[in-house]
Amino acid sequence: MTVTAWDEPAGATPRGTLVVLPGRGETAASYARFGTRLAADAYKVRLLPVDLDDLTETRERIEKLLADESLPSPKVLVGADTGGTLAALLVGEVAADAAVIAGVALPGSAADGTWEDQVDARTACPVHRAVLDGDDRLDREALDRPLPWSSVELTAPDKPVLVVHGTADRITPAADATAPFAGADGARVWLVEGGRHDILNDVSHRSVAATLVLFLESLKLGAGLPPVLVPAGASQ
Numbered sequence: 001m002t003v004t005a006w007d008e009p010a011g012a013t014p015r016g017t018l019v020v021l022p023g024r025g026e027t028a029a030s031y032a033r034f035g036t037r038l039a040a041d042a043y044k045v046r047l048l049p050v051d052l053d054d055l056t057e058t059r060e061r062i063e064k065l066l067a068d069e070s071l072p073s074p075k076v077l078v079g080a081d082t083g084g085t086l087a088a089l090l091v092g093e094v095a096a097d098a099a100v101i102a103g104v105a106l107p108g109s110a111a112d113g114t115w116e117d118q119v120d121a122r123t124a125c126p127v128h129r130a131v132l133d134g135d136d137r138l139d140r141e142a143l144d145r146p147l148p149w150s151s152v153e154l155t156a157p158d159k160p161v162l163v164v165h166g167t168a169d170r171i172t173p174a175a176d177a178t179a180p181f182a183g184a185d186g187a188r189v190w191l192v193e194g195g196r197h198d199i200l201n202d203v204s205h206r207s208v209a210a211t212l213v214l215f216l217e218s219l220k221l222g223a224g225l226p227p228v229l230v231p232a233g234a235s236q
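Residue numbers for the sequence shown follow UniProt numbering, beginning at 1 and rising by one.
Right under this line is the structure:
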């Protein structure tokens, strides 16, 4: 498993580390835009491929990356699809400070049909569609494959989490993805109107990235996620 890195601009002080866990079939190419954008905001981004056939080794590699003292805190797991499921399951058990769960996959989460059908289920963004179509290393049948978990019981961890999910995600229904976190202390849950499964790379990717940065900046202020912005006239 090769770790792909995006770093902060020269001269900038890094503000934290994002450990990205991609979803089924995805490669680093799917996250070049995301990694570059978050690195520009001075967050170190490290993408670690997820081996669904060896989750024990994958966890060990995640823990090794989190233990790297050269990477600044806070250290946040960012997972999409099965990577989101893994982030949700592990954040309370490993040395991560928080997690971002984007387009989580649950048992039964699948997209059948042609490659064009799978791309359509993933994203409406023409740029990301072109990335998927041009990625020779991407597993084009990945979303048809079952998850490595026969059942998944997600619960809100005792750490801050940001959950982002598309309302038009036909791979994992939004209600199923968000229900375990709704109303939990430390959980911020956002629905993206019309968003599809690859919510970090869908047409609203700028708004999703901005929401993620606000979450990270709040996390920098404390695990209680104090707001960075407050309405004028609000009590301080």
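Glycine included, every Cβ here is placed at the ideal spot set by N, Cα and C.
Check                                                                                                                                                          : Outcome
Take Asp-176 and list the residues in its own chain whose beta-carbon comes closer than 8 Å to its own, dropping the five residues that flank it on each side. : Leu-106
Helix, strand or coil, according to DSSP, for His-128 in the structure here?                                                                                   : helix
Please confirm if Asp-158 has its CB atom under 8 Å from at least one CB of chain C.                                                                           : Although the question refers to chain C, the structure presented lacks it and comprises just one protein chain.
Could you tell me the boundaries of the beta strand (DSSP E) in which Trp-115 lies?                                                                            : No beta strand (DSSP E) contains Trp-115, which is instead part of the alpha helix (DSSP H) from 115-122.
What is the DSSP secondary structure of Leu-229, reduced to helix, strand or coil?                                                                             : coil
Note down the Cα distance separating Pro-173 from Asp-97, rounded to an integer number of angstroms.                                                           : 27 Å
Using a Cβ-Cβ cut-off of 6 Å (strictly less than) and excluding sequence neighbours within five positions of His-128, which residues of its own chain qualify? : Asn-201
Per DSSP, what kind of secondary structure is Gly-134 in: helix, strand or coil?                                                                               : helix
Kindly confirm or deny that the region 221-231 and the region 79-93 touch, where touching means at least three C-beta pairs closer than 8 Å.                   : no
Are at least three pairs of beta-carbons, each pair with one atom in the region 8-28 and one in the region 133-147, less than 8 Å apart?                       : yes
Going by beta-carbon coordinates alone, are Val-45 and Leu-86 separated by less than 8 Å?                                                                      : no
As a quick exercise: from Ala-182, Thr-167, Gly-83 and Gly-134, pick the residue whose alpha carbon is nearest that of Ala-121.                                : Thr-167
What distance in whole Å lies between the Cβ atoms of Lys-220 and Arg-15, which are believed to be in contact at a cut-off of 8 Å?                             : 6 Å
The beta strand (DSSP E) with Arg-46 in it runs from where to where?                                                                                           : 43-47
Determine the direct distance from the alpha carbon of Gly-183 to that of Asp-117, and round the result to whole angstroms.                                    : 34 Å
Which complete alpha helix (DSSP H) runs does the region 177-217 hold, if anything under 4 residues is left out?                                               : none
Please tell me whether Arg-59 and Ala-209 are closer than 8 Å, where the distance is taken between their beta carbons.                                         : no
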